[in-house]
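Take a look at the structure set out below.
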């Protein structure tokens with residue numbers, strides 16, 4: 035699933051230049067959390083995610099704080115941690131794209147207080163949302179079909195195994211009593 039087509043990117047770039055000042059350069063804080071082991075791997079993973087964010091079109095990383103990993107409650111194996119990442123995006127659509135691509139646990143827009151959107155701005159966001167949801171729906175449908183096929187195959191194998199398995203006969207063994 036690509037983020038956008040080249041055609042859409044050029045439309046967005048042109049539109050950003052035409053936008054009023056209060057809808058440009060939106061600052062937000064993203065909270066991205068991870069769970070796993072070993073704890074060092076979690077920090078490396080968050081660093082890689084932040085590096086990927088830096089490469090996103092229309093996005094600038096302004097700051098980051100990565101917390102130390104802690105054991106997950108009621109677990110002796112898995113650790114959890116999170117990063118607070120401050121970003122500045124050219125327009126709200128880029129923030130929506132980040133939301134779907136990186137699935138942060140929390141997003142807080144810190145600037146501006148008021149964001150005005152035209153119908154084209156809303157169209158872009160809603161179309162991106164729709165495109166992503168259709169993609170997820172397609173994946174879910176494929177997985178449902180594959181799951182059904184696997185269950186049917188498993189049932190076939192179990193039935194074949196039952197047919198091949200020799201029946202156990204109820205054999206009564208007589209005890210031979212020896213003489214004393």
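Numbering (my numbering), first residue to last: 35 to 214.
For glycine and all other residues, C-beta sits at the position ideal for the given N, C-alpha and C.
Task: 7 Å Cβ cutoff met for residue 122 and residue 99 - done: no
Task: Spatial distance of residue 108 from residue 194 (CA atoms) - done: 43 Å
Open item on the list: Restricting to Cα atoms, I'd like to know which of 135, 81 and 110 is closest to residue 91.
Closed with: 135
Open item on the list: Need the endpoints of the beta strand (DSSP E) that residue 116 sits in, please.
Closed with: 113-123
- [ ] Measure the Cβ-Cβ separation of residue 139 and residue 65 and say whether it is below 7 Å.
- [x] yes
Open item on the list: My output table needs one value for residue 80: the three-state DSSP class, helix, strand or coil.
Closed with: helix
TODO: Enumerate in chain order the residues of its own chain whose CB-to-CB distance from residue 69 is below 6 Å, with the five nearest sequence positions on each side excluded.
DONE: 112 and 114
- [ ] Give the secondary structure of residue 184 by DSSP, where H, G and I count as helix, E and B as strand, and everything else as coil.
- [x] helix
TODO: Measure the alpha-carbon distance for residue 103 versus residue 174 and round it to whole angstroms.
DONE: 32 Å
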